[in-house]
Amino acid sequence: MPKPKVTVSLDADLAIDVMMLSGAGNPQDAVELIVRDYLARSRRTEARTGEADDAGRLTHERRSDAESG
Numbered sequence: 009m010p011k012p013k014v015t016v017s018l019d020a021d022l023a024i025d026v027m028m029l030s031g032a033g034n035p036q037d038a039v040e041l042i043v044r045d046y047l048a049r050s051r052r053t054e055a056r057t058g059e060a061d062d063a064g065r066l067t068h069e070r071r072s073d074a075e076s077g
């Protein structure tokens with residue numbers, strides 16, 4: 009089953025900048041590469057830093073360790 013597609017309109021200068029940055033030959037491929045890279049970086053960052061909900065837990069643990077020491 010094919011994946012659904014979405015059409016997005018961009019300013020021509022922005023599309024050209026994205027094409028040059030990504031090295032793609034057309035705007036569609038360029039935007040797809042940039043979005044995929046952005047998503048991959050986001051997932052890698054979350055894997056390294058944890059979820060937003062983890063922040064309170066980690067701060068609480070540090071306080072507990074400091075208080076007990």
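Mapping the sequence shown onto our numbering, position 56 (from 1) lands on 64, and the numbers just tick up by one.
Every residue gets a Cβ at the ideal spot worked out from N, C-alpha and C, and that includes glycine.
A20 sits exposed, since fewer than 16 C-beta atoms from the chains shown fall within 10 Å of its C-beta. Secondary structure at V39: helix, using DSSP grouped into helix, strand and coil. L47 and V26 have their C-alpha atoms roughly 16 Å apart. Here A32 carries a coil assignment [DSSP, helix/strand/coil].
For V14 and I24, the gap between their C-alpha atoms comes out near 19 Å. A distance below 8 Å separates the beta carbons of S30 and L41. The beta carbon of N34 is closer than 8 Å to those of M27 in its chain, skipping five residues each way along the sequence.
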